[in-house]
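A.B. asks: Going by the working numbering, the first residue of the sequence shown is number 368, and it counts up by one from there. Glycine included, C-beta positions come from ideal geometry on N, C-alpha and C. From a predicted model like this one, the values you see are computed outputs, not experimental measurements. Pasting a structure here, questions to come.
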Amino acid sequence: MTQWRELPAGLRSPRIRLALTIAGILFLLLVAFSVVVYLLVSREVLQDVEPFRDDPLFVEAAHRQLAAYGMQLVFANIVGVVLIGIASYFVAQAALRPLEQAIALQRQFTNDASHDLRTPLAVIRMETSAALHSRTPMPPDIAECLRIIDEQTQRMDRLIEQLLTLAHVDADSALNREPTDLRHLVSGVVRDLRPLADAKEIALSVARSDPALVLGDELKLSQLVANLVDNAIKYSPNSASVSVSVWQQRDAAFIAVSDTGEGIRAGDRENVFRRFHRVDSVRSPNGRGGHGLGLPLCRWIARAHGGDVFVDSREGEGSTFTVRLPALTA
Ligand SMILES: Nc1ncnc2c1ncn2[C@@H]1O[C@H](COP(=O)(O)OP(=O)(O)OP(=O)(O)O)[C@@H](O)[C@H]1O
Ligand SMILES: [Mg+2]
């Protein structure tokens, strides 16, 4: 089935899609109506000519008259199609305007609220970290409280960052594209996330690092790879291994993140790319509780670059997330 995202950009706009749907329905009604009219008229004409059916002149005149009616109907249909097209566009515009305004307001609110939440949260994190690292001895229960506050503020910080990115994503904000070497990008992400892997004694490695050049938004692509590596670490038990590979094959560049973690059930494999979908929807208290926004963002970033993300997974054995992007060939 044709996906909307495979259509030219102009046809993907909701307004054009709604206008085309309305126009399509009206056009079908118009054609059905014209066929009925033609059948009724031809029955009338043929009935009128019935007493003279042995006179070829009469019969020929009747057929000429029918052909003229047919042409008039075709002409009326052409005019109808133009009018339907124009009317559908304006109806779609009027119908979607309040919705678009509401969505824009909601996006603005998410954006503003996320920005405003960042500052107090940064202060809380700074103060908690200062207290946790202070030399003054403190009772273990207070230290535990501070550790929990620190962990939860980190989660909130991540959620805010994801909400901000989503607000930009929904606004279809442009990518800042430039020639990007995926090898360097991946090694940067792996370096940044190594402490996370070390904390779980997970062996994080770059298994393959071939040259692969794309025209991409380096920041967003780093976010994509970081989300995948973060998941691979988060959903693998201690001492598992996570490996990242980069390579290019003809006009496509690939990044694959493999883990030997818990894997994903077959029925959940496509759902994990839906917003706010989490396989174990219960918020786990062990710090794994995310918000189900990482993979939808990954998919959006890959698709915005003309590529996609796929998952291959075996329950209990591990998963491989593969990103395919159009390569920048010489
Ligand atoms: N490598 C993986 N192995 C096993 N399950 C995974 C893996 N990656 C993702 N999942 C499953 O897919 C779900 C969705 O992942 P996603 O990254 O979108 O959200 P999250 O990690 O729960 O939260 P967030 O990324 O927003 O902090 C996860 O809750 C997890 O159940
Ligand atoms: Mg995640």
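Between the Cα of Q473 and those of H535, S610, G555 and V639, spot the shortest distance and give me the residue it belongs to.
C.D. replies: Considering only alpha carbons, the answer is H535.
A.B. asks: Candidates A443, I445, F442 and V408: which alpha carbon is nearest L433's?
C.D. replies: It is V408.
A.B. asks: Whole-angstrom Cβ separation of L660 and F640, contact assumed at under 8 Å?
C.D. replies: Not quite, the Cβ-Cβ distance comes to about 11 Å (not below 8 Å), so this is no contact.
A.B. asks: At which residue ranges does the segment 498-574 contain complete alpha helix (DSSP H) runs of 4 or more residues, listed in the order of the chain?
C.D. replies: Listed in chain order, the complete alpha helix (DSSP H) runs (minimum 4 residues) inside the segment 498-574 are 507-537 and 549-566.
A.B. asks: Count the other C-beta atoms from every protein chain shown that fall within 10 angstroms of the C-beta of F688, then say buried if there are 16 or more, exposed otherwise.
C.D. replies: Looking at its Cβ environment, which holds 16 or more other Cβ atoms inside 10 Å, F688 is buried.
A.B. asks: Report yes if the C-beta distance between G685 and D626 is below 8 Å; otherwise report no.
C.D. replies: Yes.
A.B. asks: Near F677, what residues of its chain come up, given a Cβ to Cβ distance below 6 Å and the 5 sequence neighbours on each side ignored?
C.D. replies: Within the same chain, F677 has close Cβ partners T689.
A.B. asks: Once you ignore the five residues that flank S380 on each side, which residues in its own chain have a CB closer than 7 Å to its CB?
C.D. replies: Within the same chain, S380 has no close Cβ partners at all.
A.B. asks: Does the beta-carbon of S610 have 16 or more other beta-carbons within 10 angstroms, so that it is buried, or is it exposed?
C.D. replies: The residue in question, S610, is buried, as its Cβ has 16 or more Cβ neighbours within 10 Å.
A.B. asks: In terms of DSSP beta bridges, what is F688 paired with?
C.D. replies: In the DSSP output, where bridge partners are listed per residue, F688 has V624 and V678.
A.B. asks: So, are the CB atoms of E682 and R632 less than 8 Å apart?
C.D. replies: Yes; because the gap between Cβ atoms is below 8 Å, this pair is in contact.
A.B. asks: Hey, is E684 close to ligand 1, as in C-beta under 7 Å from one of its heavy atoms?
C.D. replies: No, Cβ of E684 sits at least 7 Å from all heavy atoms of ligand 1.
A.B. asks: To the nearest angstrom, report how far apart F665 and I470 are at their CA atoms.
C.D. replies: It should be pointed out that residue 665 corresponds to Cys in this sequence rather than to Phe. If you take the alpha carbons of C665 and I470, they lie about 22 Å apart.
A.B. asks: Measuring straight from C-alpha to C-alpha, what distance separates P546 and L582?
C.D. replies: So the alpha carbons of these two residues sit roughly 4 Å apart.
A.B. asks: Can you give the beta carbon distance from F643 to R691, rounded, assuming they're within the 8 Å contact cut?
C.D. replies: Rounded, the Cβ-Cβ distance is 25 Å, inconsistent with contact.
A.B. asks: So what does DSSP say about V581, is it helix, strand or coil?
C.D. replies: It is a strand residue.
A.B. asks: Is it the case that the CB of G634 approaches a heavy atom of ligand 2 more closely than 7 Å?
C.D. replies: Not so, every heavy atom of ligand 2 lies at least 7 Å from the Cβ.
A.B. asks: Per DSSP, S576 forms a beta bridge with which residues?
C.D. replies: V613, per the DSSP bridge assignment.
A.B. asks: Taking the CB atoms as reference points, tell me whether S589 and G555 lie closer together than 8 Å.
C.D. replies: Yes. Within cutoff.
A.B. asks: If you reduce the DSSP assignment to three classes, tell me which class A607 lands in.
C.D. replies: The answer is coil: DSSP assigns A607 none of H, G, I, E or B.
A.B. asks: Please state whether DSSP places T696 in a helix, a strand or coil.
C.D. replies: Looking at T696 - three-state DSSP - the assignment turns out to be coil, as it is neither helix nor strand.
A.B. asks: Would you check if there are 3 or more beta carbon pairs closer than 8 Å linking the segment 439-447 to the segment 494-514?
C.D. replies: Touching, no.
A.B. asks: Using 7 Å as the cut-off, classify the Cβ of D559 as near or not near the heavy atoms of ligand 1, replying yes or no.
C.D. replies: D559: no, Cβ never under 7 Å from ligand 1.
A.B. asks: When DSSP labels each residue in this structure, what does P652 get in the three-state scheme?
C.D. replies: Since pLDDT at P652 reaches only 46, below the 50 mark, its modelled position is unreliable, and no value is offered.
A.B. asks: Determine whether the beta carbon atoms of I516 and L563 lie at a separation below 8 Å.
C.D. replies: Going by C-beta atoms, I516 is not nearer than 8 Å to L563.
A.B. asks: Can you list, in chain order, the residues of its chain whose CB lies under 7 Å from that of G447, leaving out five sequence neighbours each side?
C.D. replies: Contacts found: L397.
A.B. asks: Under 7 Å from any heavy atom of ligand 2, does the C-beta of D479 make it?
C.D. replies: No - ligand 2 has no heavy atom lying nearer than 7 Å to the Cβ of D479.
A.B. asks: To the nearest whole angstrom, what separates the beta carbons of L560 and D524, a pair I think is in contact under 8 Å?
C.D. replies: Not a contact, Cβ separation roughly 16 Å.
A.B. asks: I want to check one thing, is the minimum distance from the CB of I631 to the heavy atoms of ligand 1 below 7 Å?
C.D. replies: Yes, ligand 1 has a heavy atom inside 7 Å of this Cβ.
A.B. asks: Among the residues of its own chain, which have a CB less than 8 Å from the CB of R492, if the five just before and after it don't count?
C.D. replies: So the list reads D517, T520, Q521 and D524, once near-sequence residues are dropped.
A.B. asks: Can you tell me which of W614, R384 and G391 puts its alpha carbon nearest to the alpha carbon of P578?
C.D. replies: Among W614, R384 and G391, the Cα nearest to that of P578 is on W614.
A.B. asks: Quick check on the burial criterion: 16 or more other C-beta atoms within 10 angstroms. Buried or exposed for G628?
C.D. replies: With 16 or more Cβ atoms within 10 Å of its Cβ, G628 is classed as buried.
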